[in-house]
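Q:
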Amino acid sequence: MTIINPSMNEAWIRSMIKKYEESGALPMWELASNETGTMIGYNSVPVIVDSYLKGYRNFDVETAYKAIIHASSYDTSIVFSDDEVKHGIMPKAKYYNEALGFIPSDKENESVSKALEFAYNDWCIAQMASDLGKDADARIFSERSKRYARYFDKKTGFMRGVNADGSWKTPFNPRYSNHRKDEYVEGNSWQWSWFVPHDVQGLIALHGGKEQFIKKLDSLFQGSSAVDGQNSSADISGLIGQYAHGNEPSHHIAYLYNYAGQPWKTQELVDSILTTLYFNDANGLSGNEDCGQMSAWYILSSLGIYQVSPGNPTYALGRPLFDEATLNLENGKKFKIKALNNSAVNKYVSVVKLNGILLEKPFITHQDIIAGGVLEFTMTARAVVR
Numbered sequence: 011m012t013i014i015n016p017s018m019n020e021a022w023i024r025s026m027i028k029k030y031e032e033s034g035a036l037p038m039w040e041l042a043s044n045e046t047g048t049m050i051g052y053n054s055v056p057v058i059v060d061s062y063l064k065g066y067r068n069f070d071v072e073t074a075y076k077a078i079i080h081a082s083s084y085d086t087s088i089v090f091s092d093d094e095v096k097h098g099i100m101p102k103a104k105y106y107n108e109a110l111g112f113i114p115s116d117k118e119n120e121s122v123s124k125a126l127e128f129a130y131n132d133w134c135i136a137q138m139a140s141d142l143g144k145d146a147d148a149r150i151f152s153e154r155s156k157r158y159a160r161y162f163d164k165k166t167g168f169m170r171g172v173n174a175d176g177s178w179k180t181p182f183n184p185r186y187s188n189h190r191k192d193e194y195v196e197g198n199s200w201q202w203s204w205f206v207p208h209d210v211q212g213l214i215a216l217h218g219g220k221e222q223f224i225k226k227l228d229s230l231f232q233g234s235s236a237v238d239g240q241n242s243s244a245d246i247s248g249l250i251g252q253y254a255h256g257n258e259p260s261h262h263i264a265y266l267y268n269y270a271g272q273p274w275k276t277q278e279l280v281d282s283i284l285t286t287l288y289f290n291d292a293n294g295l296s297g298n299e300d301c302g303q304m305s306a307w308y309i310l311s312s313l314g315i316y317q318v319s320p321g322n323p324t325y326a327l328g329r330p331l332f333d334e335a336t337l338n339l340e341n342g343k344k345f346k347i348k349a350l351n352n353s354a355v356n357k358y359v360s361v362v363k364l365n366g367i368l369l370e371k372p373f374i375t376h377q378d379i380i381a382g383g384v385l386e387f388t389m390t391a392r393a394v395v396r
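Numbering (our numbering), first residue to last: 11 to 396.
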């Protein structure tokens with residue numbers, strides 16, 4: 011929406027702020043205009059911050075800032091008629107994150123997934139705080155954004171549950187899933203261990219560098235698709251190895267090769283997902299559409315771009331499906347994406363040019379798009395290894 015209709019996106023944010031003013035909390039997971047308090051994280055935050063950092067600020071910025079700070083805090087004074095909804099919006103996970111600096115798996119359900127989403131949400135808050143000159147807040151939330159590392163077990167290479175006494179939760183099986191009753195939401199450790207969209211370089215460092223990171227990433231896509239557990243989540247679907255395209259926590263993972271210096275693997279995987287996990291029929295999606303995310307991934311990826319970390323106005327490049335597509339921007343400009351020598355066989359990118367200038371890295375910015383111009387891919391049948 012920040013590309014095709016930023017004004018509508020700003021209107022949604024104004025609605026979010028109004029809900030915060032009236033209810034005391036930003037929306038968490040609405041259904042049919044009713045707050046449900048389900049799912050995790052405080053993901054109104056990246057919607058607000060992403061719009062703000064892209065320059066779309068037609069809303070009360072100071073109130074928005076108060077709202078995102080509040081969303082990260084444990085506040086039991088909010089008033090909802092349904093206690094389950096209230097506790098969903100203010101889970102004890104927020105209390106533990108503030109009091110202990112981590113979320114104990116023996117005290118809080120879905121602890122790892124909550125912690126990883128909290129870290130990303132906090133990173134978004136830090137970006138807006140920094141831009142507003144609120145340096146003390148920026149330092150606090152920047153520190154909180156790095157807490158994902160607390161859950162990374164270097165011996166196994168996975169994100170794991172941590173008990174209140176600091177020990178790892180055992181037994182541990184990265185393929186195991188017990189739907190909504192374990193450390194991971196609608197997934198397992200294989201899928202969630204990559205959820206650090208705001209600090210991919212930090213995640214690479216935890217693995218011991220790019221070589222080990224790539225080796226682990228390869229094993230995600232190339233390993234067995236078996237999921238263990240008698241009550242494993244039905245949301246683990248659209249599998250390529252343990253990668254689960256049928257659910258959102260996996261959606262950025264194919265683009266992580268770009269950050270590790272092997273963009274041809276991103277191009278190959280994105281092509282495979284676009285052409286094998288989407289169909290033009292009643293069963294055309296490999297998972298829950300969830301407010302349009304399955305389709306949004308397809309639309310962006312078919313154009314050859316994907317925003318890995320909303321809040322960071324950068325798009326990773328993949329492989330465009332279309333020979334040419336034009337984005338008609340709200341500011342009256344046009345951004346064209348061309349793919350020369352494009353075909354089903356020619357799924358790899360040999361070179362990319364932005365307005366005639368060769369790109370050295372597989373990324374562009376939101377500013378590049380809204381300025382108008384031409385992004386030109388030249389396609390080839392063989393991976394271009396540099």
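Cβ coordinates follow ideal geometry from the N, Cα and C atoms, glycine included.
Roughly how many angstroms lie between the CA atoms of ASP238 and HIS189, to the nearest whole one?
A: Computed Cα separation, rounded: 11 Å.
Q: At which residue ranges does the stretch 274-335 contain complete beta strand (DSSP E) runs of 3 or more residues, listed in the order of the chain?
A: The qualifying runs are 324-327.
Q: Hey, would you say GLU20 sits closer than 9 Å to TYR66, going by beta carbons?
A: Yes.
Q: If we ignore side chains and look at the alpha-carbon of each, how far apart do ALA306 and HIS261 end up?
A: Their backbone Cα atoms lie some 10 Å apart in a straight line.
Q: On the DSSP bridge list, what partners appear for GLU386?
A: LYS348, LYS363, per the DSSP bridge assignment.
Q: Taking the CB atoms as reference points, tell me whether VAL210 and VAL362 lie closer together than 9 Å.
A: No; because the gap between Cβ atoms is not below 9 Å, this pair is not in contact.
Q: If you drop the 5 nearest sequence neighbours on each side, which residues of the same chain put their C-beta closer than 8 Å to that of ILE79?
A: Result list for ILE79: ILE135, ASP147, in chain order.
Q: Between TRP133 and the rest of its own chain, which residues show a CB-CB distance below 6 Å, the 5 nearest in sequence each way excluded?
A: So the list reads SER155, HIS208, once near-sequence residues are dropped.
Q: Who are the near neighbours of SER121 in its chain, counting only those whose CB is closer than 6 Å to its CB and skipping five residues on each side?
A: Once the five neighbours on either side are set aside, the close Cβ partners of SER121 are ILE113, SER115, GLY171, GLU193.
Q: Which residues bound the beta strand (DSSP E) around ILE374?
A: Start and end: 373-375.
Q: Taking THR198 as the reference, give the member of GLY176, GLN222, SER235, LYS225 with the closest Cα.
A: Position check: residue 198 holds Asn in this sequence, whereas Thr was assumed. The shortest C-alpha separation from ASN198 is found at SER235.
Q: Buried or exposed: where does ALA264 fall if 16 or more other Cβ atoms within 10 Å of its Cβ makes it buried?
A: With 16 or more other Cβ atoms within 10 Å, it is buried.
Q: So which of ASP141, GLU40, SER311 has the shortest CA-CA distance to LYS96?
A: Closest option to LYS96, Cα to Cα, is GLU40.
Q: By how many angstroms is the C-alpha of LEU284 removed from the C-alpha of TYR308?
A: Approximately 7 Å between the Cα atoms of the pair.
Q: Which residues in the same chain have their Cβ closer than 6 Å to the Cβ of ALA391, if we skip the five residues on either side of it in sequence?
A: These residues qualify, in order along the chain: VAL355, ASN356.
Q: Quick check: what's the CA-CA separation for PHE231 versus GLY34?
A: Answer to the nearest angstrom: the Cα atoms are 43 Å apart.
Q: MET169 bridges to which residues according to DSSP?
A: DSSP, once it has assigned bridges, lists PHE162 as partnering MET169.
Q: Measure the C-alpha to C-alpha separation of TYR84 and ASN257 and round it to an integer number of angstroms.
A: So the two alpha carbons sit approximately 28 Å from each other.
Q: Closer than 8 Å is the cut-off here; do at least three beta carbon pairs connect the stretch 85-95 with the stretch 158-165?
A: The stretch 85-95, when compared against the stretch 158-165, does not touch it at the 8 Å Cβ threshold.
Q: How would you label ASP137, buried or exposed, when you count the other beta carbons within 10 angstroms and need 16 or more for buried?
A: Inspection of the sequence shows that residue 137 is occupied by Gln rather than by Asp. GLN137 should be labelled buried.
Q: Below 8 Å, how does it come out for the stretch 100-110 and the stretch 24-34: are there three or more Cβ pairs, yes or no?
A: Result no; under three Cβ-Cβ pairs closer than 8 Å.
Q: Output the residue ranges of the alpha helix (DSSP H) runs that lie fully inside the stretch 78-150 and measure 4 residues or longer, sorted by chain position.
A: Runs found: 93-99, 102-109, 121-141.
Q: I need the straight-line Cα distance from MET304 to TRP202, nearest angstrom please.
A: When rounded, the distance between both Cα atoms is 18 Å.
Q: How would you label GLY218, buried or exposed, when you count the other beta carbons within 10 angstroms and need 16 or more for buried?
A: Looking at its Cβ environment, which holds fewer than 16 other Cβ atoms inside 10 Å, GLY218 is exposed.
Q: Would you list the residues sitting across from ASP175 in a DSSP beta bridge?
A: Paired residue(s): none; ASP175 is not in a bridge.
Q: Who are the Cβ neighbours of GLU386 in its own chain at under 6 Å, not counting the five residues just before and after it?
A: Answer for GLU386: LYS348, LYS363, listed in chain order.
Q: Hey, VAL71 and LEU142: beta-carbon distance below 9 Å or not?
A: Contact: yes.
Q: From which residue to which residue does the alpha helix (DSSP H) around ARG24 run?
A: From DSSP, the alpha helix (DSSP H) with ARG24 extends over 16-33.
Q: Quick one: give me the first and last residue of the alpha helix (DSSP H) that PHE205 is part of.
A: Taken as a continuous stretch (DSSP letters only), PHE205 belongs to no alpha helix (DSSP H), as it is neither H nor E.
Q: Compare the Cα-Cα distances from ILE14 to each of MET389, ILE380, ALA326, PHE69 and report the closest residue.
A: If we check each option's Cα against that of ILE14, ILE380 comes out closest.
Q: Below 8 Å CB to CB, which residues in the same chain sit around ALA159 once its five sequence neighbours on both sides are set aside?
A: Counting only Cβ-Cβ distances below 8 Å, and skipping sequence neighbours, we find GLY212, LEU216.
Q: Could you tell me which residues DSSP puts in a beta bridge with LEU2?
A: Because the chain is modelled from 11 through 396, residue 2 falls outside the range shown and cannot be assessed.
Q: In this structure, what does DSSP give as the bridge partners for ILE214?
A: DSSP, once it has assigned bridges, lists no residue as partnering ILE214.
Q: Can you pull the DSSP bridge partners for ASN44?
A: Its beta-bridge partners are LEU41.
Q: Taking all protein chains shown into account, decide if PRO16 is buried (16 or more other Cβ within 10 angstroms of its Cβ) or exposed.
A: Classification for PRO16: buried.
Q: When you compare only the Cα positions, how much space is there between ASN290 and SER296?
A: Cα to Cα, the separation comes out at about 12 Å.
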